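Protein chains in written order, with this note's numbering: chain A, 1 to 232; chain B, 1 to 757.
Input: a single structure, listed below in structure tokens.
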């Protein structure tokens, strides 16, 4: 069985949820402490949401210097599938594994909503179970989710098809080009602000047309990485 | 110079600023009598803060006793810990227990809304940890001044962002709550926060210090000068010339420190490294040491200079009274100390050993080798003054009750009724609160089965079995102003009904009683009435009050708030998969109205919004009928006979229908003729009356016969009043008016953003 790790930093909040989603997707969840210096041989890794170090300094900035990150950065460069969700995305950006930055939502407040996204790139380790143009709904909840990058970086991301998810209907935080998530050149590292792990169980996800809180669009992130690992 | 015990004994003539610390002359005399000398300044600090209204419940105690006295053995059945502990603990089966509590942070939230509200959340969450429970959700009960008053936006923005900032950062889903606007709260906003926690039976940790020789450990954030109310008076008075000046009296919160502290405590519990534990809230170290000692073996020896300080210039009196946040005190066996400290250092939580448990019956506190406190801890923590304050039925009440809202002019004109409907839907108390709740994380933890805008929040406790709890809170200050006894029962009835409509079975009650000054006999009468109403109501419903909080002095100048007894009801559900949504999702379901309608407009939203009127009597409550209704809903949920259920409350049937449409955007056709004929009421009453014991449910056609049979067998009045229509995109009240979905949505959604966004 594939083993997928979840790193807990001080102030991580959605780490248990990520572990549970991995279990539900049929993989073995592995809990990793931020002070560890190795990844315990996991096949893939999730950096979960939360407020690591209270978002002090900048979101994700202090966590990006945690002992475990040295190995995370090395593993990313080796091609290990890594998914950064919300604060995990912020940590990936602060670690320079993904370009750009995330700033305070343009509305000024924390936003929690069921967010519609379009899947733009289905070639990454975390999105190959989707079809291009798929529209999905997963929860979004952040205070600092506005994606920014300089013009050159934006052009490069767009040109290389590295924008993986785009906000639909509503851009909840003022992200440039409605960007909700991006990937690196290799396609193994994906970061996004919305939370796929919160749409993996009927009864506890976003509302759907059919039933209350029944959305499970997030499960396909995890089936994607299992596809990737099966092929590898 | 330090005011030591020896010094106090040698200098009886020194004049102490007890009145500035809030003590009455006779209370000060009593302290001298207890000690056989004048108190040291440290002891004075402790007594003053522990004998304050907030900590000692000195004005409310004689009334609150009823909650214990009116408990039947059946009500006790599921109680693992009750009133007196930090928060009551209820057995919910399968080896699980839950604990929940509501607490006020009203005064700090007016002075400094952001930090006041933030630390309110922090404090209630630490209360839950002190029971050995993992906090799993929060809710908040907010009351602000008039929505269009210039100062209201300041308070709303501060409070909401404070809760958002602190609560979201803790990783606790915010699953519901209340927001009210009324000019009576203009200079007295109410910020109540509820937290709920879950634990296995064997993990229950009671706050006491047992085991002579066990270590007393303070851990968490360092102690600073924040939240010191009275101590600054001591510091600036005769005892320490040239000492620090007045410090901010509102505490400052650090949710990251709290989150780490929660995880650290849970790891300590799991490893069984803690014998007793208490959070540091109001009155800080004074409260924690005296309460732990008084509840345990009776003695404790503390070296106060071991406290880690943020500000080294703090005086011992200030350290004793500091309300710095994110601190806990634990009792630890000496042989476990090393393992304890290993866990705290893993989480980068600072800790210091302050002393140990003794059997001397004395709480002794030393400061750099000098004894500054030597008291019997029970005299500080338990045996404070108790007042039976004078009460008087308000002189104005008769004329208020005679000014009946049922005499207000009502219309039968469809166009006017439509306009009234939309006006009420847009009114601040009815309008969508999404602008607030969208700033809170309702997903984190992955166990949220119901959250805003459902009638109650629901959480899964056991992933295997689906066992869960449902919680709702309610209070209607206008009802309580008209009749506080009835008002408290109405709050109880509504919270109870809100839990029942989710399919859960109500099992326990907690409260947060917000009132004016207890020194005003009229307020004291209102308080006593409300407590009696709540205690009687709980006895009738056979569910116990497991804990509570009292907040007095909610008044500015001569005007006190409407009595606002916030009642929280917790229910259990054996599998959250059977929960019932609060709105319509399917086409062609029959809509039924359970219960009877009479003309009851006293304190209603209709009277308030349409006529700017408050008078008459609030709606009647029949708690026996409420418990019948709850049993009926629970049976219907178990048999999966209903696809939605929504409680009727403020705004009556009209608003319940609108909310049921708005939940998932499915319209309906509704007729009122049969309700009017059967109950003998006019159109306005059918639409807007606030009679209790009523719920609308939607039922699939194939379950119709069974559902009617169930109602008949249980003797509960039921009428089919409409049918859902997913194609219509409108709410049609036949022969009266039709309101398109877009207009409903816009009317309901725009009020709060218009004022605050």
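The beta-carbon is built from N, C-alpha and C at its ideal position, and this holds for glycine as well.
None of the values given here were measured: they were computed from a predicted structure.
Membership of residue 370/B in the beta strand (DSSP E) is indicated by the continuous run 370-375. Per the DSSP secondary-structure output, residue 179/B pairs in a beta bridge with 142/B. Taking a 10 Å sphere around the C-beta of residue 297/B, we find 16 or more other C-beta atoms and assign the residue as buried.
In terms of Cα proximity to residue 493/B, the closest of 502/B, 336/B and 475/B is 475/B. Contacts with chain B at 8 Å (Cβ-Cβ) do not include residue 61/A. In this structure, DSSP gives residue 86/A a state outside helix and strand, which the three-state scheme calls coil. By the neighbour-count definition (other C-beta atoms within 10 Å, threshold 16), residue 40/A is an exposed residue. Taking C-alpha positions only, residue 407/B is separated from residue 490/B by approximately 22 Å.
For residue 264/B, the enclosing alpha helix (DSSP H) starts and ends at 255-270. Neighbours of residue 69/A across chain B, judged by C-beta separation under 9 Å, do not exist; the nearest C-beta is about 17 Å away. About 31 Å separates the beta carbon of residue 260/B from that of residue 373/B, a gap too long to meet the 8 Å contact definition. About 6 Å separates the Cβ atoms of residue 507/B and residue 90/B, confirming a contact at the 8 Å cut-off. By the neighbour-count definition (other C-beta atoms within 10 Å, threshold 16), residue 661/B is a buried residue. Contact note: residue 44/A does not reach chain B at a C-beta cutoff of 7 Å; the least C-beta distance is about 20 Å. Beta bridge pairing from DSSP links residue 141/A with 112/A. By the neighbour-count criterion, in which a residue is buried when 16 or more other Cβ atoms sit within 10 angstroms of its Cβ, residue 753/B is exposed. For residue 581/B, the neighbours in chain A by C-beta distance under 7 Å run, in chain order, 212. Interface annotation for the stretch 177-192 of chain B against chain A: empty, criterion Cβ-Cβ distance under 9 Å.
Nearest to residue 617/B by alpha-carbon distance, out of 137/B, 154/B and 397/B, is 397/B.
For residue 342/B, there are no neighbours in chain A by C-beta distance under 8 Å, as the nearest C-beta there is about 13 Å away. Distances from the alpha-carbon of residue 16/B to those of 36/B, 42/B, 34/B and 6/B put 42/B closest.
Assigned with DSSP and collapsed to three states, residue 158/B falls in helix. Excluding sequence positions up to five before and after residue 90/A, its CB lies within less than 6 Å of the CB of 59, 60 and 102, all in the same chain and listed in chain order.
Neighbours of residue 53/A in chain B, taken as residues at a C-beta separation under 7 Å, are given in chain order as 256. Residue 429/B and residue 307/B have their C-alpha atoms roughly 47 Å apart. For residue 309/B, the three-state secondary structure derived from DSSP is strand. With three or more CB-CB distances shorter than 8 Å, the stretch 479-486 of chain B counts as touching the stretch 515-533 of chain B. For the pair residue 75/B and residue 526/B, the Cα-to-Cα distance works out to about 26 Å.
Residue 101/B sits in a strand when the DSSP states are folded into three classes.
At a beta-carbon threshold of 7 Å, the residues of chain B lying near residue 141/A are 441 and 443, ordered along the chain.
Sixteen is the threshold: since fewer than 16 other Cβ atoms of the shown chains lie within 10 Å of the Cβ of residue 624/B, the residue is exposed.
Under the Cβ distance rule, residue 10/A counts among the residues neighbouring chain B, one pair being separated by less than 8 Å. For residue 265/B, no chain A residue has a C-beta closer than 9 Å to its own C-beta; the minimum C-beta separation is roughly 14 Å. Taking 8 Å as the upper bound for CB-CB distance, residue 582/B and residue 501/B are in contact here, some 7 Å apart. As the crow flies, the alpha-carbon of residue 66/A is around 10 Å from that of residue 33/A.
Only residues of its own chain outside the window of five on either side were considered, and among them 168, 173 and 174 have a CB closer than 7 Å to the CB of residue 441/B, listed in chain order.
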